[in-house]
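Peer 1: Pasting in a structure now, in structure tokens, and then I'll have a few things to ask.
Number of protein chains: 2
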Amino acid sequence: MRLCYMDGNFLPFDRAALPLSDHIILRGIGVFDLVRTYGRRPMMMTYHLERLLKSASALGIENKLGVEAMKSIVREGIGRMDGDGEVLVNFYITGGDNFVDGCRFPDPRYFVSFQDLVLPDKELYVKGVRLFPLDRARLMPSAKSIDYSAALAKNSVDPGALEVLYCPGGGITEAGHSSFFMIKDGKVVTAPDDVVLAGTTRSLLLQILTENEIDLELRVPSLEELSEAQEAFITGSVKEIMPVVQVGDITVGDGDPGEVTGRIRKLYRENIPRWLE
Amino acid sequence: MRLCYMDGNFLPFDRAALPLSDHIILRGIGVFDLVRTYGRRPMMMTYHLERLLKSASALGIENKLGVEAMKSIVREGIGRMDGDGEVLVNFYITGGDNFVDGCRFPDPRYFVSFQDLVLPDKELYVKGVRLFPLDRARLMPSAKSIDYSAALAKNSVDPGALEVLYCPGGGITEAGHSSFFMIKDGKVVTAPDDVVLAGTTRSLLLQILTENEIDLELRVPSLEELSEAQEAFITGSVKEIMPVVQVGDITVGDGDPGEVTGRIRKLYRENIPRWLE
Chain A
3 MRLCYMDGNF LPFDRAALPL SDHIILRGIG VFDLVRTYGR RPMMMTYHLE RLLKSASALG
63 IENKLGVEAM KSIVREGIGR MDGDGEVLVN FYITGGDNFV DGCRFPDPRY FVSFQDLVLP
123 DKELYVKGVR LFPLDRARLM PSAKSIDYSA ALAKNSVDPG ALEVLYCPGG GITEAGHSSF
183 FMIKDGKVVT APDDVVLAGT TRSLLLQILT ENEIDLELRV PSLEELSEAQ EAFITGSVKE
243 IMPVVQVGDI TVGDGDPGEV TGRIRKLYRE NIPRWLE
Chain B
3 MRLCYMDGNF LPFDRAALPL SDHIILRGIG VFDLVRTYGR RPMMMTYHLE RLLKSASALG
63 IENKLGVEAM KSIVREGIGR MDGDGEVLVN FYITGGDNFV DGCRFPDPRY FVSFQDLVLP
123 DKELYVKGVR LFPLDRARLM PSAKSIDYSA ALAKNSVDPG ALEVLYCPGG GITEAGHSSF
183 FMIKDGKVVT APDDVVLAGT TRSLLLQILT ENEIDLELRV PSLEELSEAQ EAFITGSVKE
243 IMPVVQVGDI TVGDGDPGEV TGRIRKLYRE NIPRWLE
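Going down the list, the sequences are from chains A and B.
Following my numbering, the numbering of the first sequence begins with 3 at its first residue and continues without gaps.
Following my numbering, the numbering of the second sequence begins with 3 at its first residue and continues without gaps.
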């Protein structure tokens, strides 16, 4: 079942359409954010929707909808989904038809997709995953724009890799759909907020690590360092904490998911109830 | 007047729509290319449409339409436009609904926009333009994807700049909507094909420069060099050859459009008839 909210109405997703004149189609001017549920309760909804508004602002899209109104739409859509399974919500803001003053999109459109949540294969957590390093950075790291063309094109080069890993100039920033963490000499290392998307799972995790007195370094780790690291993992709302055992030719640690990653994953899962809304 | 071709039909552009399920909307998977007319004859149509197919391929979109069939659509659409003014054609290929094997979009959609050509203000050629330097590169320089979010967001930083200029690590690659050229010590310098979009106007110009024995260097010029250069210009299908007099804080030459740029622009215009189809 897939449901859509648009212009005040809920309708089957496959019956919803956008005019060609919208700049999300003509020039990729669109942003989105996703919310998943646990026990049908949305996780970190406020954080996700506030990030959505920041993304819109970074692209010059002038949002007209408040976070509380957005929350009502998310809650109502979840309620309309059949059964009692978990739901994945994707909330979009488009550039709309009008582009003025060379920088403003004053008439955005909104649509929201509601679908059954599909979790990653459990095997990925047991065996760990491979990432494909790319010597590039996202053009606007602060915005979650719809542009995932580079993130999705990686598989033609390395079909076995789960995601691309952006490594501009050899420094690891973030993965195509996830935040990236390296564990080296007992410290957890991840790129600072100003060069990556402020991942929600990442943000929770940083808080949990601090509360549990696990050493943290906010800096861009290099690919060279990674070959001497003990463990690595990626994070995301749906995948939570997933071990990384290979990046291109580099085997991380002994090539198996590590103990510290396992412990951090357990800590994260224990803390989830704190952020359900 | 704006016309659209879609699914075998021509219809008013504002009546055409795409289903939300298309990945051009959901994840920015879409490519396009444009063709303009001179005397109602399309310029470099074959080159543009072949580049369109390369762009599609780079994003994993499996094109089903041959270049000759595309040409027929372009010609018919131009014929259907009212009056005898020039026409701007935008030919799109979308990712479609299906994404398989983690890298393929096997069911693309096609749509084509036909509209009256609007030329840049003549004043821009007389006074020259300012560009806004950005320390980033496009993620997939070889593909003309729909993602122009960074190119369009520049004006909030420098509203007077015409376009963004991508300068990753201080090396000048290309502008947001144009190819970039610097003239220094009698030589024309521009970035090689492997780091920029293979611009059509750029490609013609390289041929014309060679035929006219004007010295050419295919390498990435630096922002530092630009401050010692005599002239600079950008090229594009609609703008043709447009002088650049400022890049951020750097004034190019004496701050006025240069003589060599003027001569190159004249050469380009004289050669246009060779590439009408």
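No residue lacks a Cβ here, since even glycine has one placed at the ideal position from N, Cα and C.
Pull up the distance between the alpha-carbon of B:V33 and that of B:T253, whole angstroms please.
Peer 2: Their Cα atoms are separated by approximately 35 Å.
Peer 1: By a C-beta neighbour count over all protein chains shown, 10 Å radius and 16 as the cutoff for buried, is B:S74 buried or exposed?
Peer 2: exposed
Peer 1: Determine the chain A residues that contact B:Y150 at a beta-carbon separation under 7 Å, and present them in chain order.
Peer 2: R29 and G30
Peer 1: Rounded to the nearest angstrom, what separates A:Y40 and A:A163 at their Cα positions?
Peer 2: 28 Å
Peer 1: Would you mind stating whether B:V69 and B:T48 have Cβ atoms separated by less than 8 Å?
Peer 2: yes
Peer 1: Does DSSP classify A:N214 as helix, strand or coil?
Peer 2: coil
Peer 1: One question on the structure: do A:A19 and B:L28 come within less than 8 Å of each other, judged by their Cβ atoms?
Peer 2: no
Peer 1: Compute the beta-carbon to beta-carbon distance between A:I266 and A:A234, rounded to the nearest angstrom, for a pair I have assumed lies under 8 Å.
Peer 2: So it is not a contact: roughly 12 Å between Cβ atoms.
Peer 1: Is DSSP giving B:F15 helix, strand or coil here?
Peer 2: helix
Peer 1: Under a CB-based cut-off of 8 Å, is B:M184 close to chain A?
Peer 2: no
Peer 1: Fully enclosed by the segment 29-78 of chain A, which beta strand (DSSP E) runs are 3 residues long or longer?
Peer 2: 32-40
Peer 1: DSSP state of B:P110, grouped into three classes?
Peer 2: coil
Peer 1: Name the chain B residues whose beta carbon is nearer than 7 Å to that of A:I26?
Peer 2: Per Cβ cutoff of 7 Å: I27.
Peer 1: Quick check on A:C169 - is its C-beta less than 8 Å from some C-beta in chain B?
Peer 2: no
Peer 1: Between the alpha carbons of B:A60 and B:E279, how many angstroms are there, rounded?
Peer 2: Taking the straight line joining both Cα atoms gives about 26 Å.
Peer 1: Starting from the beta carbon of B:A60, find every residue of chain A whose beta carbon is closer than 8 Å, and list them in chain order.
Peer 2: Here the neighbours are A155.
Peer 1: Taking only beta-carbon positions, decide if B:L22 is within less than 8 Å of chain A.
Peer 2: yes
Peer 1: Please name the residue in B:L207, B:M72 and B:I274 whose C-alpha comes closest to that of B:D9.
Peer 2: B:M72
Peer 1: Cβ of B:L54 less than 8 Å from any chain A Cβ?
Peer 2: Against chain A, the CB of B:L54 has no partner CB under 8 Å away; the residue lies outside that interface.
Peer 1: Mapping DSSP to helix, strand and coil, what is B:Y127?
Peer 2: helix
Peer 1: Might you give, ordered along the chain, the residues of its own chain that have their beta carbon closer than 7 Å to the beta carbon of B:G79, omitting 5 neighbours on each side?
Peer 2: Once the five neighbours on either side are set aside, the close Cβ partners of B:G79 are L5, Y7, F12, V91, V114 and F116.
Peer 1: Please name the residue, chosen from A:N273, A:E242 and A:E213, that lies closest to A:R38 on a Cα-to-Cα basis.
Peer 2: A:E242
Peer 1: Hey, A:I2 and A:S180 are a contact pair by Cβ (cut 8 Å); roughly how many whole angstroms apart?
Peer 2: A question about residue 2 of chain A goes unanswered here, because the residues of chain A that appear run from 3 up to 279.
Peer 1: Around the C-beta of B:T203, are 16 or more other C-beta atoms found within 10 angstroms, so that it is buried, or is it exposed?
Peer 2: buried
Peer 1: A:S144: which of A:R53, A:V247 and A:H25 sits nearest, CA to CA?
Peer 2: A:R53
Peer 1: Look at A:G130 and A:V249 and say whether their C-beta atoms are less than 8 Å apart.
Peer 2: Not closer than 8 Å, so no.
Peer 1: Between the segment 164-180 of chain A and the segment 218-229 of chain A, do at least 3 Cβ pairs fall closer than 8 Å?
Peer 2: The segment 164-180 of chain A makes contact with the segment 218-229 of chain A; the number of CB pairs closer than 8 Å reaches 3 or more.
Peer 1: Is A:K146 buried or exposed, if buried means 16 or more other CB atoms sit within 10 Å of its CB?
Peer 2: buried
Peer 1: Could you tell me which of A:V240, A:R276, A:G104 and A:D86 sits nearest to A:V120, measuring between CA atoms?
Peer 2: Taking each of A:V240, A:R276, A:G104 and A:D86 in turn and checking the Cα distance to A:V120, the smallest one comes out for A:V240.
Peer 1: Considering only the beta carbon of each residue, do A:L211 and A:L220 sit closer than 8 Å?
Peer 2: no
Peer 1: Helix, strand or coil for B:D195 per DSSP?
Peer 2: helix
Peer 1: Quick check: what's the CA-CA separation for A:G81 versus A:D137?
Peer 2: 43 Å
Peer 1: Starting from the C-beta of A:G87, find all residues in its chain whose C-beta is less than 8 Å away, skip the five residues before and the five after it, and write them out in chain order.
Peer 2: D118 and L119
Peer 1: How far does the alpha helix (DSSP H) with B:G238 in it reach, from first residue to last?
Peer 2: Counting along the chain, B:G238 falls outside any alpha helix (DSSP H), though it belongs to the beta strand (DSSP E) covering E233 to G238.
Peer 1: Given a cut-off of 8 Å, decide if A:V166 and A:G193 are closer than it, judged by their beta-carbon atoms.
Peer 2: Here residue 193 of chain A is Ala; the residue named in the question, Gly, does not match the sequence. Cβ distance not < 8 Å, so A:A193 and A:V166 don't count as in contact.
Peer 1: At a CB-CB cut-off below 8 Å, which residues of chain A make contact with B:M142?
Peer 2: Within chain A, the C-beta atoms nearer than 8 Å to that of B:M142 come from S151, A152 and A155, in chain order.
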